[in-house]
Each structure stands twice: as C-alpha cells, then as structure tokens.
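Using this note's numbering, you'd call the opening residue of the sequence shown number 12 and step up by one each time.
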Amino acid sequence: MTLIQRNAFWLERLQSLTGVVPIGAFIVFHFYENGKVLQGAQAYNDASAGIRQTPFLLFFEIALIYLPILYHTIYGLRLFGISRPNNRSYRYRRNTFYTVQRLTGFILILFIGFHVATFRFGQFVNSPPTFGGVLEQLSNPLVFVWFLIGVAAAALHLANGLWSFLVRWGITIGPTAQHRSAYVMAGFFVLLTAAGWAVCTAFFLSARQLATLHGLAQ
Ligand code: HEM
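Below, the structure written as structure tokens:
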C-alpha cells in the first residue's frame, strides 16, 4: 500500500474542501470584482488597481489560488483515473452529473491555463488589468464565446461540486435534504452563470460600441 493509498480518505477530503474554499470562494469573488465593469470603466480600473496594491499579493495568489487549484486538479485527475462513470449501466441522474463534473473539469484545465497565461502572466503581468485591456481581449468573438463556455463550466463545476461536498461531509443526509439541495445548487448555477455572462457581455458590447463610434468619427 502506497503512502497516497494509505491517506486516501484525507487526501480526498482535502480535494473536496479545496474546491469550496478557497477555489469556490475565489470564483464568486472573481465575478464580483470583474462585475465592477457594470459600474463603468473608472470603477473597474480603480478596483483592479486596488487589488494589485495588496501587500505580498503574489504570495497570496500562490497560497490561496494556484496551489489549491493545482492540488484539486492533480488529485481530481487521479480520482478520475481510478473511478469510472456508470451512466451507461444505470440511468440515475447523479451518474450524468458525475460525467458532467469531469467534463467541466477538463474544460476548466484548458480555460484557466489559457486565461491565466494571457491575462495575469500575459497582458497584465506588469500592470493592473484595465477596462481597455480586458475589452481588447473580449472584443474577439471567439475569445468572447470561449469565456462564456469557461464561465458556465466554472459555475456548473462549482454548483455540482457543492452538492457533492454537502453529501460527503454529512451535511445533507437523506434523500429529502439532497433533493432540496439539488434545487438550491441549480439556482446557484443559474445566478453565477448569469453574473459571469453579464460581465463578459458588458466587455463585448462596449467593444462593439467603441468600434461603431470609431467608425462614425472617421
Ligand atoms: C467573467 C469573465 C472573466 C473575466 C472578465 C476575468 C478577468 C480576469 C482578469 C482581468 C484577471 C487578471 C487579474 C490580475 O492580473 O490582477 C484574471 C485572473 C484570473 N482568472 Fe479570471 N476572468 C473571468 C472569468 C474567470 C473564470 C470563469 C475563471 C475560472 C475559475 C477565472 C480564473 C482566473 C484565475 C485563476 C486568475 C488568476 C488569479 C490571479 O492571480 O488574480 N476567471 N481574470
């Protein structure tokens, strides 16, 4: 028995916990901070400059965002390798969600890799993100659609993960509680997706408006 196999129970619990805190909390906060775009370009720029002034920012990013995402992903892939969905044999709804959880996980590996490389360690590596800078990226319809997919995948992965978290940690016990929590999580998924899509659409539509104004001025 390897060290990992011996500690599988706690390693799995940690995988489940990191999905909620800090990663889940980060996603909600991330949509909130980018939601500043709905208050205008100045509000967005001020908020993002404020965050960049946080002391020891890189340390906090590594400790609270990158390492938890890395652990959650690597251990998640291990779980994926050792267990198989049985939605072909059983038609239970949970099996479909099991597959959805893995599918959205794969999309998120690609999306977060692309997003962090082009934003945090790309265009905004030396200066805070600006309304104009983010708009430049999201003005591309392909990037815009890719963001819509990334947002929906993150919201679905989080909502579905929260449902499993509540079962795994013994918070929702019994079919009635689990049934109710499924409805709550469905609502959470819809709200989170709507918030993220509103942010993406605000950037995309602003880019189109600016292009129209630019055309009129010529
Ligand atoms: C709603 C659309 C989104 C917008 C406009 C957006 C925008 C941004 C920006 C501007 C940054 C750079 C922050 C900085 O350099 O200070 C960033 C970083 C990041 N984003 Fe997003 N993002 C969006 C959706 C997502 C989604 C769906 C995820 C997936 C969970 C995600 C995960 C991350 C991560 C992990 C970072 C790096 C964290 C950091 O160091 O600040 N983002 N995003």
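The C-beta atom is built at its ideal place from N, Cα and C for all residues, glycine as well. Computed from a predicted model, the values in this text were never measured in an experiment.
Buried versus exposed call for residue i [16 or more other C-beta atoms within 10 Å across all chains shown]
i: Trp174; result: buried
i: Pro152; result: exposed
i: Phe71; result: exposed
i: Ala205; result: exposed
i: Ser138; result: exposed
i: Ile182; result: exposed
i: Val162; result: buried
Rounded C-alpha distance that separates residue i from residue j
i: Ala209; j: Pro186; result: 34 Å
i: Pro140; j: Gln134; result: 8 Å
i: Leu78; j: Leu169; result: 18 Å
i: Thr23; j: Pro33; result: Position check: residue 23 holds Glu in this sequence, whereas Thr was assumed. When rounded, the distance between both Cα atoms is 16 Å.
i: Ala165; j: Ala36; result: 12 Å
i: Gly51; j: Tyr86; result: 40 Å
i: Ser94; j: Thr65; result: 41 Å
i: Leu203; j: Glu44; result: 13 Å
i: Trp180; j: Val201; result: 24 Å
i: Leu25; j: Phe132; result: 28 Å
i: Leu68; j: Ala74; result: 10 Å
Beta-carbon separation (whole angstroms), residue i vs residue j, contact threshold 8 Å
i: Ile160; j: Ile123; result: The pair is not a contact, with the Cβ atoms about 12 Å apart (cut-off 8 Å).
i: Ser217; j: Leu146; result: 6 Å
i: Phe142; j: Leu149; result: Actually they are not in contact, since the Cβ atoms of Phe142 and Leu149 sit about 11 Å apart, beyond 8 Å.
i: Ile120; j: Thr84; result: 6 Å
i: Leu49; j: Ala213; result: 6 Å
i: Asn18; j: Phe108; result: No, Asn18 and Phe108 are not in contact; Cβ-Cβ is about 27 Å, not under 8 Å.
Near the ligand HEM: residue i beta-carbon under 7 Å from a heavy atom
i: Ile120; result: no
i: Gly128; result: For clarity, residue 128 is Ala in the given sequence; the question names Gly instead. The answer is no for Ala128.
i: Ile38; result: yes
i: His83; result: no
i: Asn45; result: yes
i: Ser217; result: no
i: Phe135; result: yes
Residue-chain proximity (residue i, chain C), Cβ-Cβ < 8 Å
i: Phe117; result: You won't find chain C in this structure, because it holds only one protein chain.
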